[in-house]
Amino acid sequence: MRVRDYVFAMKTNHVLGWSTPQRFSRWRKSWQFVIDSWQFIYTLLTFRTLSGQLKSGGLLLLYGLISLIILISCSKKDQSHDNGKINILATTGMIGDAVKNIARDSANVVALMGPGVDPHLYKATQGDLKKLQNADIIFYNGLHLEGKMSEIFEKLKRQKPVYPVSDGVPVSSLKVTDPNSNIYDPHIWFDVSIWKYAVSQINEKLGEEYPANKEYFNQNAQKYLDKLDSLHQSVIKMVNEIPEDERVLITAHDAFEYFGDAYGMEVKGLQGISTMSDYGLKDITDLVNFIIKRKIKAIFIETSVSERSINAVIEGCTEKGHDVAIGGSLYSDAMGPDGTFEGTYLGMVSSNVQKIVEALK
Ligand SMILES: [Zn+2]
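Under my numbering, think of the first position of the sequence shown as 2, with each following residue one higher.
Shown next, in the form of structure tokens:
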């Protein structure tokens with residue numbers, strides 16, 4: 002283990018309080034009021050005993066101050082923790098959006114990775130560790146999408162409910178990236194019919210953890226799933242507007258394989274399924290030759306991946322006398338800005354498909 006990793010592990014252990022087992026932490030939460038009251042009485046009693054014993058005014062003042070600080074910090078922790086709602090943390094915006102639609106008013110939902118953030122390369126910051134600590138329940142994609150956070154999730158699972166939404170997707174629907182290994186493509190949100198399994202998984206797990214709200218979650222989930230059904234149908238219709246032999250989607254990294262399978266598009270990414278994988282001159286040349294051979298009009302950049310690789314492909318095409326345009330910036334692994342239509346899952350998918358159809362038809 003390198004020193005840097007060791008320091009990180011130490012910090013993580015400290016901030017997340019790994020030593021507290023899950024059962025104890027839940028028990029503690031429901032009895033927090035009793036614990037706090039007892040702490041208050043105990044502090045007062047000790048204070049009185051000490052004041053009888055100690056004649057030194059300075060020491061008494063110091064002790065009083067320390068007690069006051071402990072009391073304030075206890076009450077602050079309570080305020081941030083509860084206010085009657087479930088604190089749910091999701092890693093990506095897409096998961097956060099599904100959770101918001103299911104839990105609605107019953108929860109405070111935090112999505113860790115905002116617009117333009119690449120989940121493959123994402124590392125948890127100190128601030129994130131606090132958010133993970135404050136969450137009552139955590140949902141993440143899984144299938145190694147959040148590749149640099151897997152260790153954190155494994156440790157958190159000992160402390161609180163932590164669920165990968167991809168667990169709800171039947172293995173038969175998953176795409177294997179390498180036939181010699183059990184590594185699956187994590188970009189399951191791009192086939193809306195597959196994403197519905199992930200949404201149902203969130204609903205199921207929330208219902209299990211909070212049975213009193215189960216019926217409420219079920220009703221909300223059903224409404225959201227109905228919207229996803231309509232979305233799936235409208236994507237099929239829109240893609241059909243592109244002439245059949247021009248249904249080729251070229252992007253910086255291989256995020257759209259599920260999309261291609263579901264909606265009948267040939268898909269090519271310069272990088273592999275993770276932005277961590279490298280690409281070389283040969284990959285660029287091969288893609289340039291493919292674009293020229295198929296007379297492709299437009300290729301796409303992604304909001305969460307650097308434009309550099311796609312620009313290299315465009316330059317390569319120009320050098321060989323084929324003009325290829327940038328068809329737009331697609332939301333691949335992150336949604337659009339908060340508060341906009343693209344900042345929702347429905348908006349992200351619709352906006353992508355609109356750009357693809359406009360550029361290729
Ligand atoms: Zn990706």
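Backbone N, C-alpha and C define an ideal beta-carbon position, used for all residues, glycine too.
For clarity, every value in this text was computed on a predicted model and none was experimentally measured.
| Query | Result |
| --- | --- |
| Ignore the nearest five residues each way along the sequence and tell me which others in G232's own chain have a CB closer than 8 Å to its CB. | In the sequence on display, residue 232 carries Leu and not Gly. Cβ within range, chain order: V193, L347, V350 and S351. |
| Please output, in chain order, the residues near ligand 1 using a CB cut-off of less than 5 Å to any non-hydrogen atom of the ligand. | A256 and D334 |
| Could you spell out the range, first to last residue, of the alpha helix (DSSP H) harbouring T286? | L282 to K294 |
| In the DSSP assignment, the alpha helix (DSSP H) including K132 goes from what residue to what residue? | Q127 to N135 |
| My output table needs one value for Q234: the three-state DSSP class, helix, strand or coil. | helix |
| Taking only three categories from DSSP, how would you classify F260? | helix |
| Taking DSSP as the reference, what is the three-state secondary structure of I153? | helix |
| Do you know how far the Cα of T93 is from the Cα of Q223? | 22 Å |
| Does the Cβ of I292 lie closer than 6 Å to at least one heavy atom of ligand 3? | Ligands displayed in this structure: ligand 1; ligand 3 is not among them. |
| Would you call the stretch 235 to 242 and the stretch 285 to 304 touching, i.e. three or more CB-CB distances under 8 Å? | no |
| When DSSP builds the beta bridges, which residues end up paired with S201? | Beta-bridge pairing links S201 to no other residue. |
| Do the stretch 334 to 347 and the stretch 84 to 99 meet, that is, are 3 or more Cβ pairs less than 8 Å apart? | yes |
| Using a threshold of 7 Å, state whether the C-beta atoms of P165 and I138 are closer than that. | no |
| Applying the criterion that 16 or more other CB atoms from any shown protein chain within 10 Å of the CB defines a buried residue, is Q202 buried or exposed? | buried |
| When we look at the beta-carbon of D79 and count the other beta-carbons within 10 Å, is it buried (16 or more) or exposed? | Summary for D79: the model assigns pLDDT 37, below 50, so the residue's position carries little reliability; its value from the coordinates is reported in the next sentence. D79 should be labelled exposed. |
| My understanding is that I103 touches Y225, with C-beta atoms under 8 Å, so please give their C-beta distance in whole angstroms. | 7 Å |
| Cα-Cα, which of N183, F260, Q127 and D279 is closest to W196? | F260 |
| Compare the C-beta of D255 with all C-beta atoms of chain D and state if any pair is closer than 7 Å. | Considering every chain present, this structure includes no chain D. It has just one protein chain. |
| Please list the terminal residues of the continuous beta strand (DSSP E) segment that includes I300. | A299 to E303 |
| How should L144 be labelled, buried or exposed, when 16 other C-beta atoms within 10 angstroms of its C-beta is the threshold for buried? | buried |
| Roughly how many angstroms lie between the CA atoms of I274 and V177, to the nearest whole one? | 11 Å |
| Looking only at DSSP bridge pairs, what is T252 linked to? | G270 |
| Based on DSSP bridge pairs, tell me the residues matched to N1. | Here the chain comprises residues numbered 2 to 362, so residue 1 is not present and cannot be evaluated. |
| Output the distance between the C-alpha atoms of H82 and L207, rounded to the nearest integer angstrom. | Only weak support is given to the placement of H82: the predicted model assigns it a pLDDT of 44, under 50, and the value that follows is read from those uncertain coordinates. Taking the straight line joining both Cα atoms gives about 18 Å. |
| Along the chain, where does the alpha helix (DSSP H) that runs through A360 open and close? | Y346 to L361 |
| Pick out whichever of I89, Q127, D106 and K269 has its Cα sitting closest to the Cα of M150. | Q127 |
| Does the distance from the CB of L90 to the CB of A136 come in under 7 Å? | yes |
| How is P165 classed by DSSP in three states: helix, strand or coil? | strand |
| Can you tell me which of the three DSSP states L229 falls into? | helix |
| In whole angstroms, what separates the C-alpha of L282 from that of A256? | 21 Å |
| Just mark P244 as buried or exposed, buried being the case when its beta carbon has 16 or more other beta carbons within 10 Å. | exposed |
| With the cut-off set at 7 Å, would you say V200 and A263 are in Cβ contact? | no |
| Between which two residues does the beta strand (DSSP E) containing G328 stretch? | A326 to L331 |
| Tell me where the alpha helix (DSSP H) around I138 begins and ends. | Note, I138: premise wrong, no alpha helix (DSSP H); beta strand (DSSP E) at I138 to Y141. |
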